[in-house]
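Q: Just passing along the structure, written as C-alpha cells.
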Amino acid sequence: MPVEQPSGIGQEFPPNLSIVFVSNGPGELATWVRPLAEQLHRTLQLRPRAPQSLISLRLVLVPCPNATGEEAEAAARWGQFDRITPARGFWPLLLNPRREGPWAAQGVVVFLGGDQFWSVLLSARLGYRHITYAEWVARWPRWNDRLAAMAPAVREQLPRRFRSRCTVVGDLMADLSSHARDQSPLPQGDWVALLPGSKPAKLSVGMPFLLEVADRLVPLHPGCRFLMPVAPTTSLAALQRFAGARNPIASFYGSGIASIEPASDGSPWRRLITIAGTEIHLQEEPPAHGPLSQCSLALTTVGANTAELGALGVPMIVIVPTQHLGVMQAWDGWMGLLARLPGLRWCIGALLSAWRLRQHGFLAWPNISAGRAVVPERVGAIRPEAIAVEAADWLSSPERLQGQRDDLRLLRGQPGAVAALAEEVRALLPKALCD
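For the sequence shown, the working numbering assigns the number 407 to the initial residue and increments by one for each residue that follows.
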C-alpha cells in the first residue's frame, strides 16, 4: 500500500521524528502540498532528500470521492516524501500503523485537504501533534495543537478559548504567481488555456466541448494560440479517450483529435491537432504555473483549477454545460457518494447536480471568495459557439481582461502564506532536531 521512494531512500534506519501531510485530491496536492513540502525541504534537512536526516517527510492520502486514484503516483514523482500512503491504505494504516514499517516516536500531522476529521484520527492514532490549515472553517479546534487560517474570518468563527491556537497565515494559493511569469516565456500571441478537468466526470464533458470551442474561436480571433495543461493525475491517453468515440458525449460535438504531433522548433511541447486543424500545445510537466500565468484567458471547468487560475491572476470563463448532468457526479461529500450508487447513478446524479447548481450560488473559487461575480460563470445548456463568441469578445478587449486580472490579484492577497505555514509546522517540532 505505501508508495516508497526509489532505491530504498529513508529505509536504512527509522527516523526520530516524522512530519506527516494529510491530503486528498489533485488540486490540493498541486497547490498546497507540493509548495509546503518544498518550503520545508529548503528550511529543514528532511528525508528523503537528506537521507541521513533524523526527520522524515511523509504523505498520507485520505478517501475522497473527487480523487482520481493517481494522486500517490503523481506525488511520488516529485521526490519529496520518504513514504506515501495511498487513499486505499488509509484505514489499514489507522488499524495498524506498524504494517508500513517503523514510525517515529514523535511527529506532527499537517492537514492539507480532505475531511479534517481524518487528520484528527491519524494524529491521535500515532500520538503526534496536529496542525490544520483551515481555508474556510476549523472544525475540530479542540484536537488541534495549532490552527493556521487562510483569513481572519476563520479565526473569528472559533470559540474564544481556542483562538489563541490560531494564526492567520494567509492564502497558500497567493504564492503560486511568485516568479511564475519569468519561467519559460511563451511565444508571442493571445494564448488561451483550455482546462477540461482532471476527473473522468469532468473530462467526459470538458474535452469534446473545449475542442469544439477552440475550433470555433480560431476564425473569430485569428492569431490566438492554445495551451492545454495535462493534469498530473490524468494522461494524454485519457484525454484522447474522452475526446473520441469511446465517450458517448463526444457524439454531441463536431470536433475531435486528428493526431498528436511531436514538439516543433517553436514549441517545447507536443501538439494536439483537431480534425479542423487547430493546434493545441500540451503542457505535460506539472505544475504549469509559468505558462498558465502568461495566458490572456482561460476556459475552464469548475474545481480547484479556478482557485489556481485566480491565484495566478489569469482571466477566465468558467463553463458548466448542464445538458450533460447525467454524468456530472464530480461533487463533494455525501452527495457525490450517493450519485455513484449502482442503479441510481443517473437519476440521483442528475437531481443532486441540478439542486446544487440552483442552491450553491457561485461555483468558481474567486467568486465564492469575493461573494460576487469576479469571473463569468456560464451554467446551463450552453453551446461551444456561444463560449467561442464570448472568448473572442474578451480577447478583443484588453482593458476588460486587465480589469479581471486586477480583481483577481486583489482577492489573492499577499504572498508569504507558504513560508508562514512552514514556520507554524516547525514551531511544533522539538527544537533540538530543527537547529
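Where is the CB? At the ideal position from N, CA and C, for every residue including glycine.
Using the rule of at least 16 other Cβ atoms within 10 Å of the residue's Cβ for burial, across every protein chain shown, is valine 726 buried or exposed?
A: Here residue 726 refers to the residue found at position 320 of the sequence shown. With 16 or more Cβ atoms within 10 Å of its Cβ, valine 726 is classed as buried.
Q: Taking the alpha carbon of proline 708 as the reference point, which residue from Asn653, Glu783, Gln689 has its own alpha carbon closest?
A: What you label residue 708 is simply residue 302 of the sequence shown in a count that begins at 1. The amino acid at residue 708 is misidentified as proline; the sequence shows valine. Closest option to valine 708, Cα to Cα, is Glu783.
Q: With a 10 Å radius around its C-beta and 16 neighbouring C-beta atoms as the bar for buried, classify phenylalanine 523 as buried or exposed.
A: Counting from one through the sequence shown, the residue named residue 523 turns up at place 117. By the Cβ neighbour-count rule, phenylalanine 523 is exposed, with fewer than 16 other Cβ atoms within 10 Å of its own.
Q: Just the Cα atoms here: how many angstroms apart are glycine 513 and glycine 507?
A: Indexing the sequence shown from 1 puts residue 513 at position 107. Indexing the sequence shown from 1 puts residue 507 at position 101. About 15 Å.
Q: In this structure, what does DSSP give as the bridge partners for tyrosine 534?
A: The residue labelled residue 534 in the question sits at position 128 within the sequence shown. Answer is none; tyrosine 534 lacks a bridge partner.
Q: Going by other Cβ atoms of all chains shown within 10 Å of its Cβ, with 16 needed for buried, is glycine 719 buried or exposed?
A: In the sequence shown, the residue the question calls residue 719 occupies position 313. So glycine 719 counts as buried.
Q: If you run the structure through DSSP and keep just helix, strand and coil, what is isoleucine 774?
A: Taking the sequence shown and counting its residues from 1, the one referred to as residue 774 is at position 368. Isoleucine 774: helix per DSSP, three-state reduction.
Q: Under 8 Å by Cβ, that's how I've got phenylalanine 648 and leucine 609 pegged, so tell me the actual separation to the nearest angstrom.
A: Looking up residue 648 in the sequence shown gives position 242. Looking up residue 609 in the sequence shown gives position 203. Yes, they are in contact, since the Cβ atoms of phenylalanine 648 and leucine 609 sit about 4 Å apart, within 8 Å.
Q: Keeping to the same chain, check which residues put their C-beta closer than 7 Å to that of asparagine 430; ignore five residues upstream and five downstream.
A: For the purposes of this step, residue 430 is identified with residue 24 of the sequence shown, where counting begins at 1. Around asparagine 430: Leu467, Val468, Cys470, Ala473, Gly519, Gly520.
Q: Would you call the segment 446 to 456 in contact with the segment 524 to 542, where contact means no fewer than 3 C-beta pairs closer than 8 Å?
A: Judged by Cβ distances under 8 Å, the segment 446 to 456 makes no contact with the segment 524 to 542, as fewer than three pairs qualify.
Q: In the DSSP output, which residue or residues are listed as bridge partners for cysteine 470?
A: On the sequence shown, position 64 is the one that residue 470 refers to. None, per the DSSP bridge assignment.
Q: So glutamine 451 is in the alpha helix (DSSP H); what residue range does that whole segment cover?
A: Position 45 of the sequence shown, counting from 1, holds the residue named residue 451. Glutamine 451 -> no alpha helix (DSSP H), and no H or E assigned at all.
Q: Is it a yes or a no for the segment 452 to 460 touching the segment 482 to 497, going by three-plus beta-carbon pairs under 8 Å?
A: yes
Q: If alanine 823 and alanine 580 are in contact, beta carbons under 8 Å, what's the gap, nearest whole angstrom?
A: Taking the sequence shown and counting its residues from 1, one reaches residue 823 at position 417. Taking the sequence shown and counting its residues from 1, one reaches residue 580 at position 174. The pair is a contact, with the Cβ atoms about 6 Å apart (cut-off 8 Å).
Q: Look at the Cβ atom of glycine 595, then the Cβ atom of cysteine 630, and state whether they are nearer than 8 Å.
A: Numbered from 1 along the sequence shown, position 189 holds the residue referred to as residue 595. Numbered from 1 along the sequence shown, position 224 holds the residue referred to as residue 630. It is a contact, given that the beta carbons lie within the stated cut-off.
Q: So what's tryptophan 524 in DSSP terms, helix, strand or just coil?
A: By 1-based counting over the sequence shown, the position of residue 524 is 118. Per DSSP, reduced to three states, the secondary structure at tryptophan 524 is helical.
Q: DSSP three-state label for aspartate 551, please.
A: In the sequence shown, the residue the question calls residue 551 occupies position 145. Three-state DSSP puts aspartate 551 in coil, outside helix and strand.
Q: If you pair each beta-carbon of the segment 638 to 645 with each one of the segment 698 to 708, do three or more pairs fall below 8 Å?
A: no
Q: Pull up the distance between the alpha-carbon of glycine 475 and that of threonine 639, whole angstroms please.
A: Taking the first residue of the sequence shown as position 1, residue 475 is located at position 69. Taking the first residue of the sequence shown as position 1, residue 639 is located at position 233. Each residue's alpha carbon lies about 8 Å from the other.
Q: For the putative contact between alanine 828 and threonine 437, defined by C-beta atoms under 8 Å, what is the C-beta separation to the nearest angstrom?
A: Mapped onto the sequence shown, residue 828 falls at position 422. Mapped onto the sequence shown, residue 437 falls at position 31. No, alanine 828 and threonine 437 are not in contact; Cβ-Cβ is about 15 Å, not under 8 Å.
Q: When DSSP labels each residue in this structure, what does glycine 786 get in the three-state scheme?
A: As a working note, residue 786 is residue 380 in the sequence shown. Three-state result, glycine 786: strand.
Q: Tell whether a beta-carbon distance below 8 Å holds between proline 503 and leucine 532.
A: Within the sequence shown, numbered from 1, the residue matching residue 503 stands at position 97. Within the sequence shown, numbered from 1, the residue matching residue 532 stands at position 126. For proline 503 and leucine 532, yes; Cβs fall inside 8 Å.
Q: If histidine 695 and leucine 582 are in contact, beta carbons under 8 Å, what's the gap, nearest whole angstrom?
A: For the purposes of this step, residue 695 is taken as residue 289 along the sequence shown, with counting starting at 1. For the purposes of this step, residue 582 is taken as residue 176 along the sequence shown, with counting starting at 1. Between leucine 582 and histidine 695 the Cβ distance is about 6 Å, and since that is below 8 Å, they are a contact.
Q: Do you know offhand how far threonine 573's Cα is from arginine 548's?
A: What you label residue 573 is simply residue 167 of the sequence shown in a count that begins at 1. What you label residue 548 is simply residue 142 of the sequence shown in a count that begins at 1. Taking the straight line from one Cα to the other gives about 15 Å.
Q: Arginine 676 and alanine 669: beta carbons closer than 8 Å?
A: On the sequence shown, residue 676 is found 270 positions in, with the first residue counted as 1. On the sequence shown, residue 669 is found 263 positions in, with the first residue counted as 1. Contact: yes.
Q: Here's a check: name, in chain order, each residue in its chain whose Cβ is nearer than 7 Å to the Cβ of alanine 620, leaving out the five neighbours to either side.
A: Numbered from its first residue, the sequence shown carries residue 620 at position 214. Contacts found: Leu600, Phe632, Thr680, Thr684, Ile686.
Q: Look up arginine 631 in the DSSP assignment and say whether it is helix, strand or coil.
A: Position 225 of the sequence shown, counted from the start, is the residue given in the question as residue 631. Three-state DSSP puts arginine 631 in a strand.
Q: Just to check my reading of the structure: valine 526 and alanine 544 have Cβ atoms closer than 8 Å, yes? What is that Cβ distance to the nearest angstrom?
A: Residue numbering aside, residue 526 sits at position 120 when the sequence shown is read from its first letter. Residue numbering aside, residue 544 sits at position 138 when the sequence shown is read from its first letter. That pair is no contact at about 11 Å.
Q: For leucine 501, count neighbouring C-beta atoms within 10 Å of its own C-beta (all shown protein chains included) and say buried if the count is 16 or more, exposed if not.
A: Counted from its first residue, the sequence shown places residue 501 at position 95. By the 10 Å Cβ count, leucine 501 comes out exposed.
Q: What first and last residue would you give for the alpha helix (DSSP H) that runs through valine 624?
A: Start at 1 with the first residue of the sequence shown, and residue 624 comes out as number 218. Valine 624 -> alpha helix (DSSP H) spans 606 to 626.
Q: Look at the alpha carbon of arginine 348 and the alpha carbon of isoleucine 793, and state the distance between them as a whole number of angstroms.
A: Lying before the first or after the last residue shown, residue 348 is absent from the chain, which here runs from 407 to 841.
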